[in-house]
Every structure is written in structure tokens, then in C-alpha cells.
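Here's the structure, in C-alpha cells; my notes come after.
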Amino acid sequence: MSTSRQWLSAAARQCRSALTTQQRTQLAQQPPLSRALSTTPSLSAFRDSQNNTYSNTNTNRLAGSTPTTFTNPNAALQDLASSGLNRSGPLTPEERRRVIEEQVGTSGHIRDLAINTTTDNYLRQNQRRWRVGDVYTPRDIGKAEMKKWGKMRAPLEDVVEVLGFNPVDNYKNFSLISDFMTPMGRIKHSSETGLRPVNQRKMAKAIRRAIGMGLHPSVHRHPEILRIKQRGISAMVPIAPTENRL
Amino acid sequence: MSSRSVSPGGALLRSSRMFSLPKPIPAIKNEHAAGSLFHSTTSTLPAPTHQVVTTLSAPRRQGDWGLKRPLPLKSTTKTTNPMLRVRAIDSSEHITDYVSAADHGITLRKFQELGLPMTVRRACGREARETSTTGPILTKASDLPQRSVFEDQYDTTDIPADKRAETVDNRWRFEGPWLAGMAQGSFIKWLAKEVRPKRAEFRQFLKKKLAHEQHAAAAKYAIDKALPAPEPIDASAITEDQLVDYLRELRNNNQALYEMVGQFLDLAPLNPPTLVETGMSGNKIMTLKYTEAKSPYADTGPPITHPSAGLSYLRTSMYMANHPVYGPQKEHIAAPARVVRPRRQGRGMRISIGVAGFIANTSIGDMGNARGTSPGMYDTIDPELPGGVKLWVCPTRATMDASGTIAITVKDSSPEAATVARELLGEADCLSAREAQATRKPESSKEIRQRYRAAPGPQAMSSARDYGLQE
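Next up, the structure:
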């Protein structure tokens, strides 16, 4: 991991120096022999192939994607690498992306990875979980509205009222207790839990009782919950008490 | 009659928009999102709550919307779709509170462009019931022809109180709740508030039923023995001991008891649970008796309002779309759909596809789907594509949920249907129709007249040439 990072950062620095020295365009017009013999396609070729796969698979697509032309920094990169130039300095995300694409983005797997990363980055701003029947307008898929769905808020309704249970009777339910505690062991405020005052008091009492009886840790989450988080859903199957350790 | 007693000024006011605006209906409550930590209070609601108000262009320029005072021109004239929802005709600050209603107004227009009738919701989770392992596999419920919500079989509202029990499978409105859709909290509240005060009433109801049963038994016996018909038994003639015995009998017959309770409280029909859902032991399940409900709402609950939701008044989609050039089409005209959120297979999140402003119910992008193998389309966001990924779909049916949300079911449209739809928008060419149109020189009216005058035989006013197929 660390070696690959060093290698990437070295390549990135070279790319940056290539960009700063403005040799990129000149060299891209006259590719060196190493470029011509290289089996790896250039960035623009990658772009084109990407667009082709899109349009081939999507016959029903409404609008075709517009192919963009990028100048190829690979030649400059190789030239500079051979000359041994090595400048330091941080990289912009755009440069880093180009370097990754150029150096390792030639295989299909890495290309998919790059597309996935882009998608993940955009989905991070698109947090709403849509349900069938939701009505949307342009405003709903816009930035301002989407921001609201990415932020955790108190539930609009009192969960205890909806589910109709008494929190004090459930002091042994560590999953419930953990939900109403912070990771540092403090009781969540009603502005976070969304409970009405009566139920908030009952829930606080259940938490205090669970901690006081030694059923729930007072400083962090319950070990069982940590175990499930660590091992996934399969950890929910009960195991022998002798194996019950983190 | 009542209008005669109203003064002319009063009649004028009553017919005015200011007084005829209906009260807003309550917003749809989403039970699923009750405990959700992620929500927005400003997002578009799944159904409108206020009436949409519009006005003609000339009065709009003067701010006249038929309300108490003219509305500000700055915010009401610079819009393509003049639609407002009036939250208060006159507030305590002496202003008219209004916002744009283009969201639901345009959504309604877009829905009506689809040409879909609202259909009765068919069973979705229980499609296995219609397939048999022994005989030939029957069609799935989703493939059967859909029934319109306006058919008499399902759309009966004017029912006398004594006929309520008989028409339970033909109604969509019930006095009582749909028990399977109630959360535990609201169920407990309902028991305490609505059911418990009716104990004495229920005993009276049972007495009436028992008297009716006893009379029926006596009448049958009399017919068998050729005796004179017995007198009808009155409910007051039933003693408390008889009632207690009857109650004990009912307690051991779950189906009979449920029918009694269901009739008394007018509960919405409910399908019996599957064996797994009961969570009971085998020998206990053996004693249970069930009858299947025939109501289309037994699986998902009755709708909160008329199942058409006022969106469409069409009765059927069993017609063939006709194209002026290509003739009858196999599929209805394709509709554009938007990938609102791509699927994330690693996290098991399905794709969200929006049609006409509704998130659609679709199997597009699922594993079993044939076109689900093109990952670029359903899995990624391409920032270079303006407007995001769009595709052509074929909407098949639209139904309303128990909560009041609209589920439009769509399938992938065929490439031909998509091309025809794109051609209508001027984005594609089929059979080089555009070239033919471009080469054809426009005819003057004189030429057309001469052509028809010179035509031998019967005069045809439309021909292949008119549609651009010849020459």
C-alpha cells in the first residue's frame, strides 16, 4: 500500500511539473517513439472507448454523450520521467485523477474503478432514498434540496408513540438503549431523538437503569453491537458463550 | 332551492373563487419514514393538499386571480405555468399567502400525457398463488388485464348500512381501519378509544346475530318437518346465558369471530397470514380456519381516497395506438424516463427511475432483467451528460397505494417504439421521412384542386402520398 502510494505521488509530481512547464501540448503533437510502441492507449482513446461503450449498451438513451477532447499528458510525463525531474508540491484533485487515469487507468478494471469513484462522489451529494410513488420536481433533484436529505435530523414523529411500547420496560434491550445514546455514552437530547418529553424521560430512565445495573457500558457502545458492526449481519446468529469475545 | 333564498350579492360571493376554494386536505403521512433520521420538510409532497388556482393571461397581467386582492405582478407574471396554491386568502397581516403550485400541476399534466387509466391494485406479493406446480403455469397477476377503478364492481360508494357486510369485496371505503397496516402504537390507541366503549353495543350486535341464527335453524327444522313457519325471534329474547355460550363458541372459531368483529367495526378486508407470518406452532395452526378475501385491497390496504386519485378518468388502456405513417403500433407510445438515482449493487440498492414526475415501480435494472447487464447506464452517473441518463419506457399501469401514493409500473420499451417516440419529437428519422418531406415541393391549392379533378375513379382524400410514403 505504502509503496504504491509513493509511486503514485512520484508520478503525480512528475505530472504536475509537466503541466507547469507547458511542454505538454508541444510534446503531445509529436509523440515520442515510446508512446507509439506502448500498448497502453492514450487518455483520449480511453475517453472515446468509454463513450463508445456507453452508446453501444444504451440504444434507448435519449441524448448521446458529447465526447470531450483531452490533450494527452502521457508523453510529457514519460519524457520528464526519463529526464529525472522531480519537483515537490501538492496535487490538485484533477491532476491526481489524470495521473491515476494515465498510469493505471488503461485496464478495464481500473477504468471501472474511476467511473465508480466519480459516481460515488456524485451520489454523496444525492443522498435521498427514493420510494416508489415519490413525486419529484427539478427542485427536488437540485442541490439545495438534496443537501437536506444528507443531514441527520430528529425523526418527525415520536418513535415510542408509533411503536407503542414503554421504554422503561425495555431497559434490557441494549440495541434500543444504544440507539438513544451517543458513542461517548451520553444520553441523546430530545432534539436528536424526537421523543416527546414524557417518553424522553422514560427513555433516559431506562438508559440510567441499564447502566446502573451493569447491563450496558457507560462509555461506549455495547460490545454485541460492535461485534455485529464488525462482522456484518452474520454475527447476529447467536454463538456459544465461550466464543463470545471481540 | 337554496340559491333562491340567497341574496344576489350572496350568490355572487358564493360563486366566486374566493369562497369556493376548498379546505386543504391533510398531507400524506408516511408510516415508513416515521422514525427516519433523514428527511426534508420542503420536498415536494407525494400528493397535493391544496387546490391549484390559475387565471387567464389578460387578468394575470393585472394581478387578478379572482381572490380578495390583486397579487403582486413581479412574482406572478414571469412564469410559463401560472399555477398558484393559496395557503390563506387573507392572513392576519392582511396579505394573501400563496406559493407556486407548478409542481403538482405539471405533474398532473405529465401523467395525463401518459394516457394511463388508474387500475385496481392487484396482488403484488402473492403472485405465487396464481401459479400452480401441478398444472400449466397460469399468468401472473401483473400480466392479467387490469380492472379500472371506475368499474361498478369496485366503485360502489352509496351503500345502505344493512348492506355493508355483503358488499365488503366491492368497496374501497370502510369505517374501520385496515389492521395489517396499523402500527402497534396506533392500534393500542384505537383499541382504547374506539373499540372498548363499544362493548355493550357489540353484545347487542351478537344477540341480534344469535337471534337470527336461531330463527334460521328453527325455520329450516319447520320446513323439514312440514310445520308452520316459526315466529321471528327478537334480540331481547336472548338471555345472557345464551349469549355467554355463544361467545365461548365464537372464541374457538377464529374465522367466525373475525367475521363478527369485522362486520361490527366495518374493518377493511384482510388476507389471512401465511404460515410463517403467524409465528405459531404447527398444532395451533391446524386449528385455525381461514377464508380468502376477494377484495383487491386485502393485501395492501384500502386507499385513503378514491382509487383514481383524480389523476385519470380513463377506463381502459386496451386500445391500439395508431401512427399516421406506420399504422397500428404494438406498444403504446413510449415515455421518457429519468434515472434519478443509479443502482448500487454492492449495497443492494435498486435503481430509481422517474416517469412523469413519479418514481416508478419497475424491474428495469434488476438482475433478472435482460437489459440489466449494461452497467454503464444503470450504475453510473456521467457528469458530462446534460440532464443525466434518460431512457424510453413503456408505462403499463398505474395504481394508488393505501397511503395515497401513485405507483406507475413501467417496462422497457422496444427499440422500435422508442424510435417512433423520438421521431415525434424530431430527434430521430424513421424510413427517412424527413428527407422525403424536404424533397417534396409544396403544392398550391390550385394544383391540389387540379390533381383531384383529374383523378380517375373514386376520389380519395388521403393517400400514401399525403403521408409522405410515395414520391
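Chains as they are written, first to last, in my numbering: chain A, 353 to 598; chain B, 282 to 752. All residues carry an ideal CB built from backbone N, CA and C; glycine is no exception.
Query, Result
"Give me the Cβ distance between Ile645/B and Asp693/B, rounded to the nearest whole Å; I'm assuming they're in contact under 8 Å.", "6 Å"
"Taking the Cβ atom as the reference point for each residue, do Pro511/B and His493/B lie within a distance shorter than 8 Å?", "no"
"Considering only DSSP beta bridges, list what Phe639/B is partnered with.", "Val487/A and Val636/B"
"Looking at C-beta atoms only, is the number of pairs between the stretch 331-344 of chain B and the stretch 295-304 of chain B that lie closer than 8 Å three or more?", "yes"
"Any beta carbon from chain B within less than 8 Å of Met504/A's own beta carbon?", "yes"
"Going along chain A, which residues have a C-beta under 8 Å from Thr661/B?", "Ile467, Asn468, Thr470 and Thr471"
"Count the CB pairs spanning the stretch 455-473 of chain B and the stretch 541-549 of chain B that are closer than 8 Å, and state whether there are at least three.", "yes"
"Of the choices Arg631/B, Ile585/B and Thr677/B, whose alpha-carbon is the least far from that of Thr307/B?", "This sequence places Pro at residue 307/B; Thr is not what is there. Of Arg631/B, Ile585/B and Thr677/B, the residue nearest in Cα terms is Ile585/B."
"Tell me whether Val557/B sits in a helix, a strand or coil according to DSSP, three-state version.", "helix"
"Please classify His604/B: does DSSP put it in a helix, a strand, or coil?", "strand"
"Would a check of beta-carbon distances place Gln465/B closer than 8 Å to chain A?", "yes"
"Do you know how far the Cα of Met630/B is from the Cα of Ser354/A?", "Low confidence applies here, because Ser354/A scores a pLDDT of 42, under 50, leaving its location unreliable and the question unanswered by this model."
"Just how far apart, CA to CA, sit Trp346/B and Ile370/B?", "11 Å"
"Which residues, in order along the stretch 510-528 of chain A, keep a beta-carbon less than 9 Å from a beta-carbon of chain B?", "Asp510, Val511, Val512, Glu513, Val514, Leu515, Gly516 and Phe517"
"Go through the stretch 321-346 of chain B residue by residue and report every complete run of the alpha helix (DSSP H) that reaches 4 residues or more, in order.", "338-342"
"Between the beta-carbon of Tyr379/B and the beta-carbon of Arg368/B, is there less than 8 Å?", "yes"
"If we count Cβ pairs, one from each stretch, closer than 8 Å, do we get three or more for the stretch 499-515 of chain B versus the stretch 477-485 of chain B?", "no"
"Is Pro575/A helix, strand or coil when you go by DSSP?", "helix"
"Taking the DSSP output, what are the residues bridged to Cys675/B?", "Lys692/B"
"Would you say Phe639/B lies against chain A (beta-carbon separation less than 8 Å)?", "yes"
"So which residues on chain A does Asp580/B lean against when the C-beta distance must stay under 8 Å?", "Chain A residues near Asp580/B: none, gap ~16 Å exceeds 8 Å."
"If you scan the stretch 447-494 of chain B from start to end, which runs of the alpha helix (DSSP H) of 4 or more residues do you find wholly inside it?", "465-471"
"Nearest to Glu432/B by alpha carbon, out of Ile614/B, Glu728/B, Tyr594/B and Trp673/B?", "Tyr594/B"
"Quick one: give me the first and last residue of the beta strand (DSSP E) that Ala618/B is part of.", "Ala616 to Arg622"
"Which residues in chain B have a C-beta closer than 8 Å to the C-beta of Gln479/A? List them in chain order.", "Phe319"
"Does the stretch 600-617 of chain B come close enough to the stretch 663-673 of chain B to have 3 or more Cβ pairs within less than 8 Å?", "yes"
"Just the C-alpha distance for Leu293/B and Thr357/B, rounded to the nearest angstrom, thanks.", "26 Å"
"What residues in the stretch 543-562 of chain A bring their beta carbon closer than 7 Å to a beta carbon of chain B?", "none"
"Quick one: which chain A residues come within Cβ less than 8 Å of Ser633/B?", "Trp482"
"Run through chain A and tell me which residues come within less than 7 Å of Asn642/B, C-beta to C-beta.", "Val484"
"For Tyr379/B, name the three-state secondary structure that DSSP assigns.", "strand"
"Quick one: what does DSSP say Leu365/B is sitting in, helix, strand or coil?", "strand"
"Can you tell me which residues form a DSSP beta bridge with Pro609/B?", "Asn603/B"
"Rounded C-beta distance between Thr545/A and Asp384/B? I'm assuming under 8 Å.", "At roughly 32 Å, the Cβ-Cβ gap does not stay under 8 Å, so Thr545/A and Asp384/B are not in contact."
"Spell out whether any CB of chain B is found under 8 Å from the CB atom of Leu578/A.", "no"
"Pop quiz: Met399/B and Pro609/B are said to be a contact at Cβ under 8 Å. What is the actual Cβ separation, rounded to whole angstroms?", "Contact flag wrong, Cβ pair sits at about 25 Å."
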